[in-house]
Amino acid sequence: MSGLGITVTAPDGVPEVRKGDDLAALLLDALESPLIDGDIVVVTSKVVSKAEGQVREGNRDDSLPGETTRVVARRGPTQIVRSRLGLTMAAAGIDASNVEAGHIVLLPLDPDASARALRATFRDRTGANVGVIITDTAGRAWRDGQTDIAIGAAGLEVLESFAGQVDAYGNDLVVTAPAVVDEIASAAEISQGKLGARPFAVLRGRADLVREPGDDGPGASALIRPEGSDFFGFGAREAVVRALKGAAEDQAPFGATASVEELSAAVAEVTGTAPVPHRDGLRVARADPAVIAALAFAHGWRCEREENNHGATSLLLPLTT
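When we follow the numbering used here, the leftmost residue of the sequence shown carries the number 45, and every step to the right adds one.
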């Protein structure tokens with residue numbers, strides 16, 4: 045794609061959004077020029093939530109349990125959780141900024157559905173075929189600062205896959221797949237600003253990402269990794285606690301069952317003794333059974349105790365046997 049250029053416009057003059065407000069009308073009234081085919085409309089989740097009545101009295105702690113499916117990590121008062129939407133975020137994305145004192149704003153009930161409804165409304169009122177992204181702010185592992193990401197999307201590609209293509213040097217691109225909806229969300233946030241009262245933005249110049257009318261695409265939820273497929277299902281401290289506890293409901297975030305070679309290497313690293321192959325698994329002698337059980341759990345295996353002439357040993361077996 046040669047000569048590619050984009051523009052991002054975030055209009056001023058949008059009033060405070062309240063429950064029941066018509067978000068499409070607010071944006072269309074604020075724009076200086078009409079929407080055209082291929083535009084991508086970016087809307088902050090804050091105003092979507094306000095319009096949908098997701099404002100509550102109280103503080104984050106009051107609403108956090110109902111928005112959480114499990115805690116990923118804790119550091120002092122901060123909780124990183126997997127939310128009811130499947131998103132992993134601090135405090136489940138509950139926000140106490142840009143809202144009346146003593147109130148908080150929850151994320152929309154279904155951001156993809158909200159994006160689909162807005163897209164259909166823009167089509168009905170303007171005739172333009174646009175994409176819609178709903179955004180929220182999130183932190184990143186290993187890096188300070190936050191960026192906006194897409195939590196809802198309709199009518200556009202969410203991933204731009206380059207798998208099967210080659211770069212300028214002839215190298216095969218195997219897993220290159222930019223999350224373009226997240227990139228657009230961040231680009232729009234630069235134009236909107238955190239304190240500018242500009243909850244809408246229109247990005248122009250990537251009409252190639254916008255799907256045909258009536259085709260809303262998979263939505264931003266397609267970017268959420270299923271439980272167990274992320275390398276970091278728990279925080280460092282929490283992973284130790286969960287492995288030692290060994291509760292069945294905590295198994296999934298540790299991921300798929302590790303190979304016998306990987307488990308054997310882990311046991312040897314921790315105990316200083318290589319386990320012995322035994323049937324479909326491993327036998328470990330003269331090692332703390334609690335430690336061995338935790339290692340087995342973290343690797344998707346189970347641990348049994350065996351008494352013999354040489355004393356108690358641990359048998360590590362695949363969960364399926």
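Every residue, glycine too, gets a C-beta built ideally from N, C-alpha and C. Just so you know, these numbers come straight off a predicted model, no measurement behind them.
* To do: In angstroms with no decimal places, state the Cα-to-Cα distance between Pro-59 and Pro-270.
  => Taking the sequence shown and counting its residues from 1, one reaches residue 59 at position 15. Taking the sequence shown and counting its residues from 1, one reaches residue 270 at position 226. So the two alpha carbons sit approximately 38 Å from each other.
* From Pro-109 to Val-115, what does the alpha carbon distance come to, in whole angstroms? -> In the sequence shown, residue 109 corresponds to position 65, counting from 1. In the sequence shown, residue 115 corresponds to position 71, counting from 1. The straight-line gap from Cα to Cα measures roughly 10 Å.
* Cβ distance (whole Å) where Gly-196 is taken to contact Ser-158 below 8 Å -> Walking along the sequence shown from the start, residue 196 turns up at place 152. Walking along the sequence shown from the start, residue 158 turns up at place 114. Confirmed, about 6 Å.
* Mind the definition here: the region 222-235 touches the region 261-280 only if three or more C-beta pairs lie below 8 Å; say whether that holds. => yes
* To do: Would you grab the beta carbon distance between Arg-346 and Leu-361 for me? Rounded to a whole angstrom, and I think it's under 8 Å.
  => Numbered from 1 along the sequence shown, position 302 holds the residue referred to as residue 346. Numbered from 1 along the sequence shown, position 317 holds the residue referred to as residue 361. The Cβ separation is near 6 Å, so the contact holds.
* Mind pulling the beta strand (DSSP E) runs of 3 or more residues that sit fully within the region 75-143? -> 84-88, 99-101, 112-119, 122-127 and 132-134
* **Arg-250 to Ala-229 span [Cα, whole Å]** => Taking the first residue of the sequence shown as position 1, residue 250 is located at position 206. Taking the first residue of the sequence shown as position 1, residue 229 is located at position 185. Looking at the two C-alpha atoms, the distance is approximately 13 Å.
* Asked: Using the C-alpha atoms, what's the distance from Glu-348 back to Pro-333?
  -> In the sequence shown, residue 333 corresponds to position 289, counting from 1. In the sequence shown, residue 348 corresponds to position 304, counting from 1. Cα-Cα distance, rounded: 9 Å.
* Asked: Between the C-alpha atoms of Pro-243 and Arg-169, what's the straight-line distance to the nearest angstrom?
  -> Position 199 of the sequence shown, counted from the start, is the residue given in the question as residue 243. Position 125 of the sequence shown, counted from the start, is the residue given in the question as residue 169. One C-alpha to the other measures close to 20 Å.
* **Short Cβ contact (7 Å threshold) for Ser-93 with Val-149** => Along the sequence shown, read from residue 1 onward, the residue named residue 93 stands at position 49. Along the sequence shown, read from residue 1 onward, the residue named residue 149 stands at position 105. Closer than 7 Å, so yes.
* Asked: When DSSP labels each residue in this structure, what does Pro-243 get in the three-state scheme?
  -> For the purposes of this step, residue 243 is identified with residue 199 of the sequence shown, where counting begins at 1. In the structure shown, Pro-243 sits in coil (DSSP, three-state: anything other than H, G, I, E or B).
* Asked: So does the region 133-147 actually touch the region 97-104, counting three or more Cβ pairs closer than 8 Å?
  -> yes
* Asked: What are the partner residues of Gln-190, as DSSP defines its beta bridges?
  -> Looking up residue 190 in the sequence shown gives position 146. According to DSSP, which records beta bridges pairwise, Gln-190 is partnered with Gly-183.
* Within its chain, find whatever has a CB closer than 6 Å to the CB of Leu-67; leave out the 5 residues flanking it on each side and keep chain order. => Here residue 67 is taken as the residue at index 23 of the sequence shown, counted from 1. Ala-95, listed in sequence order.
* Asked: Got a sec, what are the start and stop residues for the alpha helix (DSSP H) Val-149 sits in?
  -> The residue given as residue 149 occupies position 105 in the sequence shown. First-last for Val-149: 147-149, but that is the beta strand (DSSP E), not the alpha helix (DSSP H).
* To do: Determine the direct distance from the alpha carbon of Pro-155 to that of Phe-341, and round the result to whole angstroms.
  => Taking the sequence shown and counting its residues from 1, the one referred to as residue 341 is at position 297. Taking the sequence shown and counting its residues from 1, the one referred to as residue 155 is at position 111. Approximately 35 Å between the Cα atoms of the pair.
* **Spatial distance of Arg-128 from Leu-151 (CA atoms)** => Against the sequence shown, residue 128 aligns to sequence position 84. Against the sequence shown, residue 151 aligns to sequence position 107. Distance between the alpha carbons of Arg-128 and Leu-151 is about 10 Å.
* Asked: Cβ of Asp-260 within 7 Å of Cβ of Ala-172?
  -> For the purposes of this step, residue 260 is taken as residue 216 along the sequence shown, with counting starting at 1. For the purposes of this step, residue 172 is taken as residue 128 along the sequence shown, with counting starting at 1. No, these two residues do not count as a Cβ contact at 7 Å.
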